[in-house]
Structure formats: C-alpha cells, structure tokens
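Chemist: Sharing a structure, written as structure tokens. Questions coming.
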Amino acid sequence: MGIKDILGDKIQVVEKIETWEKAIEIGAQPLINSGKIKFGYVKSMIENIKNLGPYIILIPGVAMPHARPDENVLESSLSLLKVNEGVKFSENTDKVYLLFCLAAKDSSSHIEIIEKLADILGDEEKIEKLITSKTIGELKNNL
C-alpha cells in the first residue's frame, strides 16, 4: 500500500490559516470525518506542542502532528493538509506548508505509514513539488 492509498481522500488544501492550532484542527478533520479519530486526539496533539514545542516539524516546511496512542484513536491513519501561504509554529521556526496528521492506534500499527512517509521526506525534489502544489490534484500527482 502506497502513501496515496493511505491518504485516500484525506487530503485538503487551504490558502492560509492564522494559527498552527487551527491548522491542526483542520488537518485532522478528515480523520474525524472518516471515523479514524475522535476530537480528543486533536486536543492531545495541540497540548503536546504547547508543552514540548514544535517538535513535530520534521524538515523545513513539513510537520507531522501526532500524539501518543490513546482511546481517541480508532484506527491508525494519516491525513495531509497543504497550507499554500504556510503557517508558523513559533517565532523561531520557518513556515510549515505540509501537515501530515498521524493517528497511531497502538505502538506498532502505524509503522508502515511512517515508512511510506519517510520515503517522501527523504526525497527533496518530491517535497519541493508538494510544497509548490496548489491543488489536491497537483498534490496527488506529486505524491
């Protein structure tokens, strides 16, 4: 199963978002809508960043909001939010354009998702194409 299969229709594009908290809420909405998580998981993701800082920024321009597995995760899954104008997580960080929201049901069932995501993150050319994509269609073509 490839990353396109994992994401399915859980891909969104917005022009701009004022706060990183709102970006996580919007980014996770497809996971809620598809029954993969409950809203409590979104709250956990936001609280983690408030407590630990923007550790979720994996490489410049790309973040992977996530939290510990808990009862609010019904199935391991992944969604993608593209913010065309980017969003800052703190004064000291670059803007993030791609938010891959990860939901992990337990300590191991999300490993395949992480492996597929790592393949993308390791490909600078692919990341650049994703960051410059402006539509869901372009994102899907570049994944």
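Per numbering that gives the first Met the number 0, the sequence shown starts with residue 0, numbered consecutively. We put the beta carbon where it would ideally sit given N, CA and C, even for glycine.
#1: Of the residues V61, D93, I113, K42, which one's Cα is nearest the Cα of D69?
#2: Under 8 Å by Cβ, that's how I've got I31 and I126 pegged, so tell me the actual separation to the nearest angstrom.
#3: With three or more C-beta pairs closer than 8 Å as the rule, is the segment 15 to 32 touching the segment 118 to 134?
#4: Assuming Y96 contacts I130 (C-beta within less than 8 Å), just tell me the rounded distance between them.
#5: What are the partner residues of K81, as DSSP defines its beta bridges?
#6: Please state whether DSSP places A102 in a helix, a strand or coil.
#7: With a threshold of 7 Å on Cβ separation, who are the neighbours of I36 within its own chain once the five nearest residues in sequence on each side are excluded?
#8: Have a look at G39, S107, E137, E84 and flag the residue whose alpha-carbon is nearest the alpha-carbon of V13.
#9: In the DSSP assignment, what residue or residues form a beta bridge with A62?
Modeler: In short, the structure shows the following:
#1: Against the sequence shown, residue 69 aligns to sequence position 70. Considering only alpha carbons, the answer is K42.
#2: Within the sequence shown, numbered from 1, the residue matching residue 31 stands at position 32. Within the sequence shown, numbered from 1, the residue matching residue 126 stands at position 127. Rounded, the Cβ-Cβ distance is 27 Å, inconsistent with contact.
#3: no
#4: Along the sequence shown, one-based indexing puts residue 96 at 97. Along the sequence shown, one-based indexing puts residue 130 at 131. So it is a contact: roughly 5 Å between Cβ atoms.
#5: Within the sequence shown, residue 81 is the residue found at index 82, counting from 1. DSSP lists V12, L97 as partners of K81.
#6: Counting from one through the sequence shown, the residue named residue 102 turns up at place 103. If DSSP states are grouped into helix, strand and coil, A102 belongs with the strands.
#7: The residue labelled residue 36 in the question sits at position 37 within the sequence shown. Taking C-beta separations shorter than 7 Å and ignoring five residues to either side along the sequence, the partners of I36 in its chain run A27, L30, N71, V72, L73, A102, following chain order.
#8: The count along the sequence shown starts at 1 and reaches residue 13 at position 14. The option with the nearest alpha carbon to V13 is E84.
#9: Along the sequence shown, one-based indexing puts residue 62 at 63. Answer is I56, L98.
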